[in-house]
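First comes the structure, then the notes that go with it.
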Amino acid sequence: MDHRETAQILPPHGHALRDAWVVTSHNADPAAFAQDESLFALSNGALGVRGGLEEGDSASQGCFLAGAWERTPIEYHERFPGFAAHTDTRIPVADGTRIHLRLGDTPVRLSEGEWLHFERALDLRNGCYRRQLRWRSPEGATLLIEAERIVSLDRPALLAIRYRVHSVDYTGPVTLESSISTVRNAAEQGDDPRIGTRIDGGLVTTDALAGDTQAHVLQRTTHSDIRVACMQQHAVVDNSLRFRLANLAQHGVMQVFEGELSPGQSVTLDKYVAYAWTQPGAHDTDDALIAHAASELTQAHALGHDELLARQSSELAQLWQNADLSIEGDAATEQALRFNLFHVFQSSSRDGQGSTAAKGLTGEGYEGHYFWDAEVFMLPAMVALAPHVARSMLMYRHGTLARARAHARELNHARGALYAWRTISGDECSAYFPSGSAQYHINAAVAWAIRHYVDATGDEAFLRDAGAEMLLETARVWLDIGHFNPRRSGAFCIHDVTGPDEYTALVDNNHYTNRMAQRHLRDAATVAHWLSESAPDIYAEIAHRIDLEPFEIMQWQRAAELMYLAEDAELGVFPQDDTFLDKPRMSARNTDEGKRPLLLELHPLTIYRHQVCKQADTLLALMLAGDDVSLAAKRRNFDYYEGVTVHDSTLSASTFGVMAAEVGETEKAWRYFQDTLRVDLDDLHGNAAHGLHMAAMAGSWLSLAWGYGGMRVIDGQLHLHPQLPGAWRSYRFGITWRDAHLRVEVDAEGVRYTVTHGDLVTFHHGGQPIQLSGGESRAMPHATTSLKAPLQAVIFDLDGVIADTAVVHRAAWEQLAHEISAPFDEQIAQRMKGVDRRGSLEILLERAPRAYVEHEKRALEARKNSYYVERIEQFGPDQLLPGAREAVESVRAKGLRVGLASASRNAPLLLERLGIARLFDYVVDAARIDRSKPDPEIFLAAAAGLGVAPGACLGVEDAAAGVASIHAAGMVAIGIGRREDLGEADIVLPGLSVFRIGDFLNNKNGATAGTAEAININA
């Protein structure tokens, strides 16, 4: 094959898009076809069709039904009670996309000809997949092959294809062989457990028939007892073709059409394919299935392709109206967001019989299973944009509540329900319980999703008729796996569970699990009281049926109140579990390893013994249920867990992006946003060919609305705190809330809120309550994030802030480098800035001609220090930087505490030489800490020594590492130097000569990052 054109799916940033609503690819490399089949897949929550070529024979092309899966026994060499007995795997069904071509008697084999031009296009506005191929045969005949495909959103069983062959220079007969193929089987697992599985059984064809009008195949699974009918029917456009014959093929059925082509002429065939399927073990007759499929085809044929396309556009119009998405200055990101939302929307169930699988209906990855991420990532996006889809997802969980009860009994819980970690039918399908059944947090995820949905929609009917029973039954399990621990002052501790981070298993007091369980228990008790008052008959019936006693509800409240949520006193972070912080960190991975996850490289026990996270865990708890946690604590946790997270899961980036935006890490927020936005478009994890990552796709919308938009739902109320990324001039997004729609428009001037439809929306902007009526609009200035307490202390760095000792340090290090023949240049000097003595030595020795053992390193440190001390012995008050004394004295004059946080062990000596030692209430130098900047320890120690909460302190630094340390400690950071060097600082001053403490005391609630704009010092 001659591949004339290749291109990226989306153009790079800054390049113009031909159409912001159409995603295109010109990649004609067969090696990329499997990924493109995923990217250009169509679905409707029930039927999924990968984006292969009708006339091609790709081994990875497939059609899937959410309701068609096979059950395979799980084989154990050693089986113990409660182990999962079988796995359910969604398998490819009969493929109705196939249309092969012949020119005369010669089959068209695309691989044997020349590809002159090729394009795939996904039309997001109209919900169809189009592609065209300009192809020249080995004999020199040139054709333009075009196809338009629809998987109907309002007819769950229907696939429609308009197929056109245009002659450029060919004269002669053309034959179209339209078939239903049953050749495709489930993918083998191989070495990667994320891809496929071992299938025992599968689909077998039990009947096939091909006639002049319709043709069908009937299939049946071996173990799950599900039957599937697939039927096709055609319409010839403009009498360009005539029916020739119908017959049975080796793997399916075929109907053949023939016509004549000459240059400039075309033949067009409309193909309609309908599916019908049964529930497992259902008693529907085969004739009834076939009749149902035939009826769908008759209706589709009567409507015609154009009308089906118009209805598809209408179905999507509401989604795009609710999304209300626009980004000025970044068309590629806007299009990528639409692309991701389109896939999540179309892949989510609408009939209450399913949810949203990890790979949607786009491929075979993860066996088509549903996980907890459906509730935590996909559902909140659908709540805001398509609430009816979110409701359907929750109704699936209600429909599998009986299976959740059975699963709880398998794990020895006498009462209650435990949802399966990975499932289709509701049964647990994970053979590895440490990272499967032990993830009890799935119950809390379902409970969180119920509350989030009800808060956003006001759908109390759902809560009364379905949600309440789910909440009550799942809450009961927490009392079984936890207890009020007398060794921890009666705190409620939860044991032997696994959190979202699968690289840490079977632990006590996983922070995410405990925090989410606390939320779950409180909500279950609240709903029990609400239901008993608002619908006493329904409550009485449920309580009687599940034997729920008032004392049990009291225990839920007590457990929630006493939930064990530890905070490490030294680090100021929430330990992921009881032992996580005691483990050694895992050494850095070779960057050449790419994105191959640790789980495919190391034994699980090796991973479990280290302080390493596959994905966000504690941080996810703070995103979902952290409204009572201070911003300073969130910042400390973000910084700590970022250092131990390898992001082997595509779920991770969006959480880190949302939290980075919240804690003010703007550059990191952008990087994580781009990772989750383009995880499939750029195939960042190397497995998009197996299907798209629905949680990451939904996570890109969360990164926009929850991250940059600051959206949260707190105590049932909508909160927003928008900010503008530096890469954009403005952006807009929409939220459905209580039968109304709120438009959020953000630019450099502020935020404008508009109720585009509905009667009334009440929400909070930066904590300020706002109420808007239908059609009303209001502009608000950007809200600033204040310190939690009034300003009580200022903590200064020494080198480069108070005195310019950096040149002295540099001279001492440069002298040492010369003596040991180690290179020393400007880059090394910059890296040493703000780093303690040992850290600086390690930087110097990276390129030294030989290695040094520990006692030699200590000697080198002492030698360098002697050079430094010799120089600072000559220091005096004249070496203070301009404005330094005045700045420190002004802080004291306002009654504030003054601290020093210096990486130099000679800080006390230097303060004495400078004549300002008496101005400082507390000094922390390198001798008092174990971890150097950017770790927050030095600033936290200074705050503790001053007796002041970190959130009530300002930190002043001249190095990026110091600014990061201040932020990690939960303080506002003032940078001394250049904005380009200190971009993460909240405020940047050229020096202390322009520092005015009064500027930070005008705000009675404390210093804010917004103070910089108010006093115009960053201009």
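Numbering (numbering that gives the first Met the number 0), first residue to last: 0 to 1018.
Think of the CB as a built atom: it goes at the ideal place given N, C-alpha and C, for glycine as much as any other residue.
Query                                                                                                                  : Result
Distance between beta carbons of Met392 and Ala373, contact taken as under 8 angstroms                                 : 6 angstroms
Host alpha helix (DSSP H) of Asp454 (start-end)                                                                        : 440 to 456
For Gln826, the first and last residue of its enclosing alpha helix (DSSP H)                                           : 825 to 831
Among Gly882, His300, Pro907, Gly328, nearest to Glu872 - alpha-carbon criterion                                       : Pro907
Own chain residues within Cβ distance below 6 angstroms of Lys787, not counting five before or after                   : Unreliable positioning characterises Lys787 in this predicted model, as indicated by a pLDDT of 45, which lies under 50. The coordinate reading is nonetheless provided below. Taken in chain order, the residues that qualify are Ser629, Gly950.
Expected contact under 8 angstroms - CB spacing of His956 and Leu918 to nearest Å                                      : Going by the sequence as given, residue 956 is Glu instead of His. Wrong, their Cβ atoms sit about 18 angstroms apart, outside the cutoff.
Inter-residue Cα distance where the pair is Pro768 and Phe762                                                          : 6 angstroms
Buried/exposed call for Ala40, threshold 16 Cβ in 10 Å                                                                 : buried
Closest by C-alpha distance to Ala850, when choosing among Ala828, Leu478, Ser820, Phe874                              : Ser820
Among Phe823, Ile801, Val800, Val496, the one whose alpha carbon lies nearest that of Ala811                           : Phe823
Span of the alpha helix (DSSP H) around Phe344                                                                         : 330 to 346
Whole-number beta carbon distance between Tyr162 and Ala228, since they are thought to touch under 8 angstroms         : In fact, because the Cβ distance is near 23 angstroms, the residues do not count as touching under 8 angstroms.
Where the beta strand (DSSP E) containing Trp276 begins and where it ends                                              : 265 to 276
Proximity of Pro721 and Gly708 at Cβ, strictly below 8 angstroms                                                       : yes
Boundaries (first-last residue) of the alpha helix (DSSP H) holding Trp319                                             : 304 to 322
Where Pro907 sits in the DSSP three-state scheme                                                                       : helix
Cβ pair Ala446, Ala523 closer than 8 angstroms                                                                         : yes
Contact set for Pro11: own chain, Cβ-Cβ below 8 angstroms, skip 5 residues either direction                            : Any reading at Pro11 needs caution, since the residue's pLDDT is 43, under 50, leaving its predicted position unreliable; the model's value is listed next. So the qualifying residues of the chain are Ala331.
Spatially closest choice to Leu505 from Met515, Ile493, Arg870, by CA coordinates                                      : Ile493
Test item: CB-CB of Arg349 and Val375 under 8 angstroms                                                                : no
Backbone secondary structure at Val993 - three-state DSSP                                                              : helix
Own chain residues within Cβ distance below 7 angstroms of Pro933, not counting five before or after                   : Ala960, Ala963, Ser964, Ala967
CB contact flag (Ala67, Val92, <8 angstroms)                                                                           : yes
Cβ contact (3+ pairs, closer than 8 angstroms) linking the stretch 897 to 914 and the stretch 610 to 617               : no
Whole-angstrom distance between Gly251 and Thr181, CA atom to CA atom                                                  : 5 angstroms
Val266 vs Leu240 beta-carbon contact at 8 angstroms                                                                    : yes
Residue range of the alpha helix (DSSP H) that includes Ser729                                                         : Note, Ser729: premise wrong, no alpha helix (DSSP H); beta strand (DSSP E) at 729 to 736.
Paired residues, beta bridge with Cys229 - DSSP                                                                        : Val216, Tyr274
Contact the stretch 412 to 427 vs the stretch 466 to 479: 3+ CB pairs below 8 angstroms                                : yes
Check whether Thr753 and Ser772 have beta carbons under 8 angstroms apart                                              : no
The stretch 143 to 150 touching the stretch 47 to 54, judged by at least three CB pairs closer than 8 angstroms        : yes
Trp700 and Leu340 closer than 8 angstroms at C-beta                                                                    : yes
Touching by the beta-carbon criterion (3+ pairs, under 8 angstroms), the stretch 127 to 135 and the stretch 241 to 248 : no
CB-CB length for Leu619 against Thr654, believed under 8 angstroms                                                     : 5 angstroms
Spatial distance of Asp168 from Phe32 (CA atoms)                                                                       : 28 angstroms
First and last residue of the uninterrupted beta strand (DSSP E) at Val150                                             : 141 to 150
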